[in-house]
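Enquirer:
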Amino acid sequence: MAAILLFHNLSDDSPKGQLVLPFTGLSDIGGVAVDNSGAVYVTDSTANRVLKLAAGSTTAVELPFTGLDNPHGVAVDSSGTVYLADTGNNRVLKLASGAKSPTELPFTGFNDGNRPTRVAVDSKGAVYCMDSVQLLKLPAGSSKMEYIRNGDAWLSNRAGMAVDRDGAVYLLAVDIIYYGKSETSVLKMDADRSQPSKLEPPISGLEGPAGLAVDSGGMLYIADEDTNRVLKLPSGAKDPIEMPFTGLNKPGDVAVDRAGNVYVVDKGNTRVLKLWKS
C-alpha cells in the first residue's frame, strides 16, 4: 500500500482500486474538491485550514486562507481558483490561483444564523452557495447575488449540492414530506431556474446522504453516511450502483475528476479516499 501512495495522477497506466490519499494530521474533514490537473483540495474544519495535494505529490500544502472558522464546502474552477464556505464566519471566500490571500465574495444574509455550508462553481464562473434556508448564486463578474431558492422546507445544512456543465443544480433534499411520509430525494433545477423537479423514482435506501457530485456526462455520485456507501446514478437510470469502496465509516463529501476517478471524505476514519475509474 505504501508504494501505491507514490502514484497520484490521471495517466492511463494509473493503478486501480481504492487509494488512501496522503493527507496527514487531519482532524475533521469538511469538504473535498478536485481540479482539472488532478489536484485534490480538502477542508480541515476543526483545524481551520484548507489543504491542496497536487497531482503526483505525496505531501499536501496549506493554502493561504487565514482567520477561518469551521470551513466546510470547497470548490475549484477550471482556472484553479478555489472557493470556500467559511461557515463560522458567515462568508464565502475566493482564492485565485497563485494568490497570497483570498477575497470575500458579496454574498449577504448569513448573519441571522443561516450559515453557508456548501459552495459550487459552474463552467461559466458563476458561484453557488447554500445554507439552511437559501440557495444563492453570484453570476460571473457580478457584485450582486441572486436568490435561486429561499425559505424552502427541504433545504438542509446536511444536503449536498452540485452543478453540472449546463448550469443545472442538483440538491440532496432531506426529510421531504411526500404523501404522508418522510424521504430523501435528489432534486434537479435546470438552468432556467424553474421549480425543482424530483428525480423519479426516488433513490431507495438513502438514510443519511451527505455528499453529492456530478460528472461531465451527468452521472450523479452520492455519499450516504448512515449506510457507509457511495452510489452512482447514470443519467436517465432508475437504479443506483454501489461503488466498490471498502471500510467506509460515515462518508461525507464526494467529488469526481475529469477522468472519472471518485474521491470521498471518509469522516469516521479521518481520511480521503480515491477510487480509480475501472
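Each residue of the sequence shown is one higher than the one before, starting from 1 at the first, in full-length UniProt numbering. Idealized CB from N, CA, C, for every residue including glycine. Note that the structure is predicted; figures quoted are calculated from it, not measured.
1) Around the Cβ of Asp122, are there at least 16 other Cβ atoms within 10 angstroms (buried) or fewer (exposed)?
2) Does the CB of Phe65 have a neighbour CB from chain D at under 9 angstroms?
3) In chain order, what residues of the same chain have a beta carbon less than 6 angstroms from the beta carbon of Val264, not counting five sequence neighbours either side?
4) By the DSSP assignment, the beta strand (DSSP E) with Gly252 in it spans what residues?
5) Alpha carbon to alpha carbon, how far is Val133 from Ile148?
6) Count the other CB atoms within 10 Å of the CB of Arg165; is the residue buried (16 or more) or exposed (fewer)?
7) Alpha carbon to alpha carbon, how far is Arg91 from Ala210?
8) Give me the residue from Cys129, Ala54, Lys100 with the minimum Cα distance to Gly73.
9) Taking Cβ to Cβ, would you say Gly109 is nearer than 9 angstroms to Gly80?
10) Using the rule of at least 16 other Cβ atoms within 10 Å of the residue's Cβ for burial, across every protein chain shown, is Val186 buried or exposed?
11) Which two residues bound the contiguous beta strand (DSSP E) that contains Lys94?
12) For the beta strand (DSSP E) that Arg115 lies in, which residues bound it at each end?
13) Among all the DSSP beta bridges, which residues are the ones paired with Met130?
14) Give the straight-line distance between the Cα atoms of Asp44 and Pro22, rounded to the nearest whole angstrom.
15) Below 8 angstroms on the Cβ atoms is my guess for Asn261 versus Asn228; work out the distance and round it to an integer in Å.
16) Would Val32 pass as a contact of Val20 if the rule is Cβ separation under 9 angstroms?
17) Distance, Cα to Cα, Asn36 vs Ser78?
18) If you reduce the DSSP assignment to three classes, tell me which class Gly125 lands in.
19) Tell whether a beta-carbon distance below 9 angstroms holds between Phe17 and Asp257.
20) DSSP beta-bridge partners for Leu21?
21) Applying the 10 Å Cβ sphere with the 16-neighbour rule, what's the burial state of Thr184?
22) With a cut-off of 8 angstroms on the beta carbons, I'd call Ile29 and Val50 a contact; round off their distance for me.
Expert: To lay it out plainly:
1) buried
2) Given the protein chain composition of this structure (a single chain), no chain D is represented.
3) Closer than 6 angstroms at the Cβ level, and outside the excluded window around Val264, lie Ala223, Val230, Pro251, Val254, Leu273.
4) 251-256
5) 11 angstroms
6) exposed
7) Their Cα atoms are separated by approximately 21 angstroms.
8) Cys129
9) no
10) buried
11) 91-95
12) Careful: Arg115 lies outside any beta strand (DSSP E) and carries neither H nor E.
13) Arg118, Leu135.
14) Each residue's alpha carbon lies about 14 angstroms from the other.
15) The pair is not a contact, with the Cβ atoms about 20 angstroms apart (cut-off 8 angstroms).
16) no
17) 6 angstroms
18) Coil, per DSSP.
19) For the record, residue 17 in the displayed sequence is Gly; it is not Phe. No, these two residues do not count as a Cβ contact at 9 angstroms.
20) BP columns for Leu21 are empty, so no partner.
21) By the 16-neighbour rule on beta-carbons within 10 angstroms, Thr184 is buried.
22) Between Val50 and Ile29 the Cβ distance is about 11 angstroms, and since that is not below 8 angstroms, they are no contact.
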